[in-house]
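Residue numbers (the numbering used here): 84 to 206. For glycine and all other residues, C-beta sits at the position ideal for the given N, C-alpha and C.
Put into structure tokens, the structure is as follows:
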């Protein structure tokens, strides 16, 4: 299924990553949005502000998730609760208070299991 991200049509089934970075936009510094699939990167748009590129990225992620059959992120917030010490670089293992999904380390903004926003990481 093809979806439009920025000014490009891309195969949503192949997209594995969205990324933005600072770059040259119309001769001045701005932001570029890239969609990455298993074969290559696509320049999907150029934006003047970080807020614009983040909004475009959120919209693209919703389209990609819908095309790939994923449910939209659930409303509500969760707490990631410490369960054990990890072995990789002394990172801990945390469990979602809603769905029980387990993650290693403290880095995500959303639970990978249920999609809810993470309010805090408790130890």
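Exposed or buried, what is residue i when buried is set at 16 or more other beta-carbons lying within 10 Å of its beta-carbon?
i: residue 140; result: buried
i: residue 165; result: exposed
i: residue 198; result: buried
i: residue 123; result: exposed
i: residue 86; result: buried
i: residue 203; result: exposed
i: residue 105; result: exposed
Per DSSP, which one or two residues make a beta bridge with residue i?
i: residue 106; result: 113
i: residue 94; result: 85
i: residue 167; result: 176
i: residue 205; result: 164
i: residue 150; result: According to DSSP, which records beta bridges pairwise, residue 150 is partnered with nothing at all.
For residue i, collect the residues of the same chain with a Cβ closer than 8 Å to its Cβ; drop the 5 residues on either side in sequence, then sort them by chain order.
i: residue 176; result: 165, 166, 167, 168, 169, 185, 186, 187
i: residue 120; result: 93, 94, 97, 98, 99
i: residue 180; result: 161, 162, 163, 164
Leaving out the 5 sequence neighbours to the left and right, which residues in its chain are closer than 7 Å to residue i when beta-carbon positions are compared?
i: residue 192; result: 200, 201
i: residue 151; result: 95, 96
i: residue 142; result: none
What does a CB cutoff of less than 6 Å around residue i pick up in its chain, not counting 5 residues either side in sequence?
i: residue 127; result: 88, 89, 91, 116, 118
i: residue 147; result: 95, 98
Determine, using beta carbons only, whether residue i comes closer than 8 Å to chain D.
i: residue 144; result: Although the question refers to chain D, the structure presented lacks it and comprises just one protein chain.
Length-filtered (3 minimum) beta strand (DSSP E) runs lying within the region 171–197:
175–179, 185–187
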